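Comments concern the structure below.
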């Protein structure tokens, strides 16, 4: 049984491999693939295995409270749902926020990008590339040499430093209690790094773990805590008092601003000395082994709403401009309008929800969701003990969003492909992206191969980026870029305060009595995992309905009515597995999207009908 | 098996620094100097306790908070203090290799492992709105709880239900203590809990080999016996009747009390105003937003975060969590308005007295 879609030939006749749970992600997910006689993946099925129903819970609540509820959609990309929510409410009510608030929110959003990306790479994704046990065999002196080669200015690079880490790791392994490394796939042929590169990466796993807790302190300054800092409709809650009465007890004063600046400087150093060199080195070595799989639909269908305006509310000044690329034509960037009912639509033909007419997609402002947990006739096992999914029926708690009918990939790679294309067309606010991408391609094609005596095989940007490596690289580059933009924002904030503007909130429409009887709005954010949108309808001062279309809903979507596969499923296609018993390659490519399942699964019931108990088919 | 002390020594940390670490730990746990040798001894001699960390319906903010811990560092907890054998957010293995670990640890350490739960099980949809290994999360939770020594309920999801259990709770998300009733459960609420509170609870259990003293609701008294309001640095402004009236007004810029813009500090039991967040960097009130009460049972359904509290206990810090918990919700104390007014009146009277004295 098979069919063709989006240039992929699906074939489910080979051996079925089940991975459940997919670990090192946020939330819960299952993946099944069929491999042919050469252990090449010929069919892929991704299932979102959790659902929390937050949008039902929001109905009837105060729109000014919504940010706190939706912030709890995800504690990993903490704050991005809150930001999207306050934007949606402000859009509905026609509130413009002060410049200081815009800058502070942007700094917070970029801190999240850096934190989330680095923690993802080192603590969720690295073990797909790095063999921890192999690091025990490394020569600390050679590791130090490698470190100097790939990152000459990183201060923590002496042979003694690597020896200490290796000894600690050795003792840990010898204790027989392997903790999170237990039952890993150590020694699998899919790992190709030399022991020294493995030791270097394990060392940075620990360095990043120590440092990430420092970066988020910027959220603590502006939002009071992290995870889940506080936000405010109309601006930011942290009032500014630089030199007045009571400044020492005020949320933002000179000491607090200096604290933020110190953390930004650390972020920039880490990206420059550790994160970027690691990803380039690992990417180069895997490329030398011919591992350029995992592109899926990223070379052909990508989407983002665009973000980081240099001038508040002026979309033409976005430093990561958005749009949609379809059919692989990078020369043509389509405008994306989240308000247009014909553009973003969600389908549920293969999702555990029901519509009156499941052949149609619904725009988020008019979306309907009712749970309908049923398994297909060909599923194996029972209703509460699934052995095998039937992907011809409903098979996921994730819906299928489509842009003008196309399955799209979102995320840092989508943003980088879009911004790179914009830059080529002369967009003046995103030239840094082109610079970063061209530099990376040069390093991967020639720079690092020269230093490490690897073949200098040349690939174009259009060949390198749409791959699993490219997805991981784009995330690192975005982290670096965000660090740099954050520093600009900080200077601009200080300049603005120097010019006498202390305002942090617009309270003209704080009181619900000033609101229209009915209104609707949309907010978008470049969340770490991709374009995020919230759609809200407000009636009589209360939330009438609320809908989130989140990055992992796009990427992890099940099939649609036309049988089109989503980005996760597409990315696994045609990847060879070294040993199908050990899903290293599946995890590597799925993790390259940084899946967030708590985000992706949601529900809404706009007319307030009672959610029905689901029936066994 | 290696001990925490051995690891520190091997890393070139001196005995002196180690003892300093022990004394810091004692301080952060609110213990006196007499406990320092006991902590040192435990760290020198104990093998690592296996921890199985399960995830139900949640947002992973508890795990994220945990890795923010500064003292002890998360890496030292994971590499040297406990053996984090199952945690689907961090573990290398997936699928059946991951599931096999649960069985191995449960057999090998029967009755001697700690079960940590982040999130909660949903009961609607036959439990299938949270699926692990093809089966409902509730099955996994019950199975692993069976032979656990104790259970830690991380955060407000596991402790109370939190956001997915807010009305109308479409998945019937249910806190751990409602489905597991035969094991000691330590609730560490908060959305998320403070990092150093999480590692403080673990360190306490490893050090003293017992569960911390709990209040009637099952929370460690050492971190949850006082309200945010009791130790808030803005409390003098409350007593003085100086309030933020609207966002970004002069009061907001001077750090006045946030009670009138909805602060739930007066009814929230947590360590935010004492331990503070992210290595003591700040906490919500200090950053200008009122407390939303995220460590309290059902805090999502107690009205807007910007509504003024009207049912909080009158005066001071005399009532503890037990007493508030023991009193019916509607009957708790007098209105804070009276409290604030009385405080302001008292201050006015005091200053009048003071000026009279000066005049005289």
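Residue numbers (UniProt numbering), protein chains in the order written: chain A, 1 to 617; chain B, 1 to 360. Every residue gets a Cβ at the ideal spot worked out from N, C-alpha and C, and that includes glycine. The model shown is predicted, which means the values in this text are computed figures rather than measured ones.
query	result
According to DSSP, residues forming a beta bridge with residue 75(B)	None, per the DSSP bridge assignment.
Residue-chain proximity (residue 159(B), chain A), Cβ-Cβ < 8 Å	no
Cut-off 7 Å between Cβ atoms - residues of its own chain near residue 541(A), not counting five sequence neighbours on either side	512, 515
Through-space distance from residue 148(A) to residue 131(A), alpha-carbon basis	21 Å
Any alpha helix (DSSP H) of 4 or more consecutive residues that is wholly inside the segment 72-142 of chain B	95-108
Chain E within 8 Å of residue 520(A), Cβ atoms only	No chain E appears in the structure shown, which is made up of the protein chains A and B.
Inter-stretch contact (C-beta, 8 Å, three-pair minimum) for the segment 135-155 of chain B and the segment 109-127 of chain B	yes
Which of helix, strand or coil DSSP assigns to residue 273(A)	helix
Where residue 412(A) falls, given that 16 or more other Cβ within 10 Å makes a residue buried	buried
Where the beta strand (DSSP E) containing residue 33(A) begins and where it ends	29-35
Stretch pair the segment 134-146 of chain A + the segment 249-260 of chain A: three plus CB contacts closer than 8 Å	no
Residue 258(B) (DSSP reduced to helix, strand or coil)	coil
Proximity to residue 38(A) [Cα-Cα], best of 600(A), 66(A), 580(A), 473(A)	580(A)
Environment of residue 34(B) [buried if 16+ CB atoms lie within 10 Å]	exposed
Inter-stretch contact at 8 Å, needing at least 3 Cβ pairs: the segment 175-192 of chain A / the segment 62-77 of chain A	no
Residue-level contact to chain B via CB, residue 8(A), 8 Å cutoff	no
Beta strand (DSSP E) runs contained entirely in the segment 379-416 of chain A, provided each spans 3 or more residues	380-382, 385-388, 400-403
Local conformation of residue 520(A) per DSSP, three classes	strand
Beta carbon of residue 273(B) nearer than 8 Å to that of residue 295(B)	no
Below-8 Å beta-carbon distance, residue 373(A) vs any chain B residue	yes
Check: residue 278(B) C-beta below 7 Å from any heavy atom of the ligand GTP	Annotation note on the ligand GTP: not contained in the displayed structure, which lists no ligands.
Same chain, Cβ closer than 6 Å to residue 51(B), five either side skipped, listed in chain order	82, 84, 114, 116
Three-pair Cβ contact test at 8 Å for the segment 377-388 of chain A versus the segment 354-363 of chain A	no
Residue 235(A) - partner residues in DSSP beta bridges	232(A), 505(A)
Residue 460(A) classed as buried or exposed, judged by whether at least 16 other C-beta atoms fall within 10 angstroms	exposed
Identified DSSP bridge partners for residue 220(B)	214(B)
Residues that residue 50(A) bridges to, as DSSP identifies them	130(B)
Proximal residues, the segment 251-265 of chain A versus chain B, C-beta separation under 7 Å	251
Where residue 212(A) falls, given that 16 or more other Cβ within 10 Å makes a residue buried	buried
Neighbour-count burial assignment, residue 315(B), 16 or more Cβ in a 10 Å radius	Unreliable positioning characterises residue 315(B) in this predicted model, as indicated by a pLDDT of 43, which lies under 50. The coordinate reading is nonetheless provided below. By the neighbour-count rule (16 or more Cβ atoms within 10 Å), residue 315(B) is not buried but exposed.
Neighbourhood of residue 325(B) by C-beta, 8 Å cutoff - its chain only, sequence neighbours within 5 removed	In this predicted model, residue 325(B) has a pLDDT of only 40, less than 50, meaning its place in the structure is not dependable enough to derive any value.
Environment of residue 155(A) [buried if 16+ CB atoms lie within 10 Å]	exposed
Contact set between residue 134(A) and chain B, taken where Cβ atoms lie within less than 7 Å	Going along chain B, no residue has its Cβ under 7 Å from residue 134(A), so there is no contact; the nearest lies around 13 Å.
Residue 185(A), DSSP secondary structure in three states	coil
Residue 323(A), DSSP secondary structure in three states	strand
First and last residue of the uninterrupted alpha helix (DSSP H) at residue 10(A)	Residue 10(A) -> not in any alpha helix (DSSP H); beta strand (DSSP E) instead, spanning 8-11.
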